[in-house]
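*Asks:* Note that the sequence shown covers residues 16 to 237 in this note's numbering. Don't be surprised by glycine CBs; every beta carbon is placed ideally from N, CA and C. Pasting in a structure now, in structure tokens, and then I'll have a few things to ask.
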Amino acid sequence: VFAAQVQQVHQQQPQQHNVTKNEAAEDPNTGRPGSEDDDNLTPAQSRRKAQNRAAQRAFRERKEKHVKDLEAKLAGLEAAQQQASLENERLKRDLQKMSTENEILRATSHVGQGSISPEPATGPMRFNPTDFYSNVLQNHSNKSPSHRIVTSDDGERLLAAGATWDFIISHELFKKGLVDIGDVSERLKNCARCDGQGPVFSERAITSAIEQSVASGTDDLL
Numbered sequence: 016v017f018a019a020q021v022q023q024v025h026q027q028q029p030q031q032h033n034v035t036k037n038e039a040a041e042d043p044n045t046g047r048p049g050s051e052d053d054d055n056l057t058p059a060q061s062r063r064k065a066q067n068r069a070a071q072r073a074f075r076e077r078k079e080k081h082v083k084d085l086e087a088k089l090a091g092l093e094a095a096q097q098q099a100s101l102e103n104e105r106l107k108r109d110l111q112k113m114s115t116e117n118e119i120l121r122a123t124s125h126v127g128q129g130s131i132s133p134e135p136a137t138g139p140m141r142f143n144p145t146d147f148y149s150n151v152l153q154n155h156s157n158k159s160p161s162h163r164i165v166t167s168d169d170g171e172r173l174l175a176a177g178a179t180w181d182f183i184i185s186h187e188l189f190k191k192g193l194v195d196i197g198d199v200s201e202r203l204k205n206c207a208r209c210d211g212q213g214p215v216f217s218e219r220a221i222t223s224a225i226e227q228s229v230a231s232g233t234d235d236l237l
């Protein structure tokens, strides 16, 4: 839209100069061309010539007003675009904040369910997302709980810390209350690798840590 408006403004401006040049030859005192040919014009021809000059002047004034209107409209559109960009950034920040709050609520909701459901208190009720991220990212400078999921060159899924948490709490063994997330995080913190954007964990390593943790807990009961 902006490009079309600017192009229209530039296309119309040369026409202004052409009209101005046509009037440049007028006598500044009489408003009539300074040519001696005017002396030979009939009254009807003189009237037509005067009408033409008036029409050209009116046309030029309309064009100038139209160009100014377009420039004002373009400035308004640019200001609106800038405001929309700032609003978009604000909404992104709000969304990120809400996403983090939802993670905490989702994790802590298991605590409330514990008073109703007799599930074993092995995993989520002893560990929240913040503790999990701090533990698995302990050896890394980048401690952002990203939910990024990528695929390695050999086709293996790699999950960032936030996505790893989501994977664990959606696992069937976790839903049965058999997973100790603290133990899983201890097993995972030395399995992190960097994909160029931050630490990630292979899906195979996460699954293995879950299964080993459950097996270890079962052995403790024997």
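Quick check: the segment 157-167 against the segment 193-204, are there 3 or more CB pairs under 8 Å?
*Replies:* no
*Asks:* Does DSSP put THR166 in a helix, a strand or coil?
*Replies:* strand
*Asks:* Buried or exposed: where does GLU118 fall if 16 or more other Cβ atoms within 10 Å of its Cβ makes it buried?
*Replies:* buried
*Asks:* Which residues in the same chain have their Cβ closer than 8 Å to the Cβ of ILE225, if we skip the five residues on either side of it in sequence?
*Replies:* For ILE225, where only same-chain residues beyond five positions count, the Cβ hits under 8 Å are ILE183, HIS186, LEU188, PHE189, VAL194, VAL199.
*Asks:* Just the C-alpha distance for VAL21 and LYS78, rounded to the nearest angstrom, thanks.
*Replies:* The pLDDT assigned to VAL21 is 47, lower than 50, so where the model puts this residue is not dependable, and the model offers no usable value.
*Asks:* Per DSSP, what kind of secondary structure is PRO160 in: helix, strand or coil?
*Replies:* Residue state, collapsed to three classes: coil.
*Asks:* Which of the three DSSP states, helix, strand or coil, is assigned to VAL194?
*Replies:* coil
*Asks:* Let me know the secondary structure DSSP gives LEU120 once reduced to three states.
*Replies:* Of the three classes helix, strand and coil, the one that applies to LEU120 here is helix, per DSSP.
*Asks:* Tell me where the beta strand (DSSP E) around PHE216 begins and ends.
*Replies:* DSSP places PHE216 inside the beta strand (DSSP E), whose first and last residues are 214-217.
*Asks:* Would you say PHE216 and ALA207 are within 7 Å of each other, going by their C-beta atoms?
*Replies:* For PHE216 and ALA207, yes; Cβs fall inside 7 Å.
*Asks:* Would you mind giving the Cβ-Cβ distance between ALA175 and GLY213, rounded to the nearest angstrom? I have them listed as a contact below 8 Å.
*Replies:* 6 Å
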